[in-house]
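Chains as they are written, first to last, in my numbering: chain U, 32 to 232; chain L, 996 to 1348.
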């Protein structure tokens, strides 16, 4: 029997709820995408990737995918916390109370900050733009270049990401501690990087 | 340019860092609220229907300072604006987080920005103001008229232009190819409409990926002329309807001409679609509906009166109508914003010279 990852389960509930409020419904791929963005913001906060609680692979299309998120989504659908309509999921009323309880837990405060900031990026960008910008993030752009799925954010591969985050921290030095600011600035920069690369080819 | 330079550039040139720089954390909170409200507005209002300027603002001062006017009257209902032609609009996000219609009067938006984050849309441009600073909004999608609106109508326009070039001009679509009665593509088969509709439906399903629902309609009568409906999945109040008509000659298996459609037929289709759009606006006032008129043009000069014999055609006759535009009177695309310029798609014959 497949083990249900508690962090991935909470993230699914949180993201489905938050994105549902903002945009009516959400696809499974979008849950993977925003969970990955939240995980990157966790690293920006200089926390250990192992503390995030579950791993991601980069598909050959350059999209992030987590097996734990996949399993949690299926289980939450099966148990009636989420419902699926035309390939898109939304939370049911049964999800409200457990989500409230889990969000209030002290152990989830740090990850909630990252999840919230990831979702807030949709105020500035469409989901497609977030996806396009993230595709230029060092780990996903490497995954896209290699035609097979590979584990993301492994030790050796994170160095380039840390260089970007250091540049981001320097630029935002003495600015807000609010994670939404680096999230939006970084995604904008990745999008510009993506565009300048496309213009050059 | 490396990523550090780009990050610095973003900090200097964009509106979110500006809001924080001018008003601190309060500015950051408010600019996210303003962006979310602007997105909500564009979920109901198509930017291309805006003729004036749209202002959305929120004061950054805490309500206790007393400078903020409490909301009067009901909160703005963006859905009610869906199918209207929009002139100047101004909304204030009040302390309850909801937008209220405001009349600026003598106050300028620059004055508002002294204590507020102000969003302004004017003539397809967007900007944010905070304090004495202003930053234009970078538009990441060149098709979009607003960074905060996912382009829907323009996506379909682009798809239809591709369809004309890639599928119709040389009849390269395998479904569309079946509309011809002869190998030289001079005469349509009798009743080619359903094949044309299936060809375009399949193309749009492929091209508009997973973001739109595309479904063909069964024609029940002339009062319901629509051939294809397209609805974006993320914006369920947008509806795009496509009417297809064809020009040229069709013939049955015996070679008898079954229909000969020319300019009058094109006008008939335009009138039908315009009337249908009027009906839809009455029955679904909350929807932003746009009509697209596709005319498959297979007119040929000097065709034989009967299609029984194997006919050929010269380039001069076969392509005679290729660059001859149709004229409409009345011309709904010139007088109403919900009717796109007609898409005439010329289908070339195989010429003998």
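Glycine included, every Cβ here is placed at the ideal spot set by N, Cα and C.
For residue 66 of chain U against residue 42 of chain U, the beta-carbon gap comes to about 5 angstroms, under 8 angstroms, which counts as contact. Look at the region 1005-1018 of chain L: the residues with a C-beta under 8 angstroms from a C-beta of chain U are 1005, 1006, 1009, 1011, 1012, 1015, 1016.
Taking 7 angstroms as the cut-off between beta carbons, the residues of the region 1022-1049 of chain L near chain U are 1023, 1027, 1030, 1031, 1034, in sequence order.
Between residue 1125 of chain L and residue 1108 of chain L, the gap from beta carbon to beta carbon is short of 8 angstroms. With distances taken between CA atoms, residue 1263 of chain L lies nearest to L:1242 out of L:1242, L:1251, L:1036. Per DSSP, the beta-bridge partners of residue 1048 of chain L are L:1117. Using a Cβ distance threshold of 8 angstroms, residue 1169 of chain L and residue 1237 of chain L do not count as a contacting pair. Between residue 1254 of chain L and residue 1302 of chain L, the CB-CB gap reaches or exceeds 8 angstroms. In the three-state scheme derived from DSSP, where H, G and I count as helix and E and B as strand, residue 1085 of chain L is classed as strand. Residue environment for residue 1009 of chain L: buried (at least 16 other C-beta atoms within 10 angstroms of its C-beta). If the five residues before and after residue 157 of chain U are omitted, its C-beta is found closer than 6 angstroms to no C-beta atom of its own chain. For residue 193 of chain U, no CB of chain L lies under 8 angstroms from its own CB, so it is not counted at the interface with that chain.
According to the DSSP assignment, residue 1285 of chain L belongs to the beta strand (DSSP E) that extends over 1283-1292. When C-beta atoms of the region 1112-1132 of chain L are compared with those of the region 1043-1053 of chain L, three or more pairs fall below 8 angstroms, so the two segments count as touching. Within chain L, the residues whose beta carbon sits less than 7 angstroms from that of residue 154 of chain U are 1027, 1030, 1031, 1034, listed in sequence order.
Among the residues of the region 1066-1092 of chain L, none has a Cβ less than 8 angstroms away from any Cβ of chain U.
Counting C-beta pairs with one atom in each stretch, the region 1194-1204 of chain L and the region 1267-1274 of chain L have fewer than three that are closer than 8 angstroms, which means they do not touch.
By the rule that beta-carbons nearer than 8 angstroms mark a contact, residue 211 of chain U touches chain L. A direct Cα-to-Cα measurement between residue 167 of chain U and residue 160 of chain U gives close to 11 angstroms.
Under DSSP, residue 1053 of chain L forms a beta bridge with L:1112. Interface annotation, residue 223 of chain U: in contact with chain L, CB-CB separation under 8 angstroms.
Residue 170 of chain U and residue 94 of chain U have their C-alpha atoms some 10 angstroms from each other. Measuring C-alpha to C-alpha distances from residue 1295 of chain L to each of L:1257, L:1233, L:1041 identifies L:1257 as the nearest. Straight-line measurement puts the Cα of residue 1162 of chain L at about 14 angstroms from the Cα of residue 1180 of chain L. Of all residues in the region 1128-1154 of chain L, only 1133, 1135, 1136, 1139, 1142, 1143, 1144, 1145 place a beta-carbon less than 9 angstroms from a beta-carbon of chain U. Using a Cβ distance threshold of 8 angstroms, residue 122 of chain U and residue 69 of chain U do not count as a contacting pair. With fewer than 16 other CB atoms across the displayed protein chains lying within 10 angstroms of its CB, residue 208 of chain U is exposed.
Counting of Cβ neighbours within 10 angstroms places residue 1039 of chain L among the buried residues, the total reaching 16 or more.
Where residue 65 of chain U is concerned, the enclosing alpha helix (DSSP H) starts and stops at 59-75. Comparing alpha carbon positions, the residue from L:1252, L:1310, L:1153, L:1026 closest to residue 1335 of chain L is L:1153. The C-beta distance from residue 1224 of chain L to residue 1290 of chain L rounds to 19 angstroms, too long to meet the 8 angstroms contact threshold. A Cβ-Cβ separation of about 15 angstroms leaves residue 1285 of chain L out of contact with residue 1222 of chain L under the 8 angstroms criterion. Among the residues of the region 142-153 of chain U, those with a Cβ less than 7 angstroms away from any Cβ of chain L are 151, in the order of the chain.
If you check the CB distance, residue 1034 of chain L and residue 1123 of chain L do not come in under 8 angstroms. Nearest Cα to residue 1343 of chain L within the set L:1190, L:1089, L:1136, L:1175: L:1175. Non-local beta-carbon contacts of residue 222 of chain U in its own chain, meaning distances under 8 angstroms to residues more than five positions away in sequence, involve 156, 160, 163, 164, 167 in chain order.
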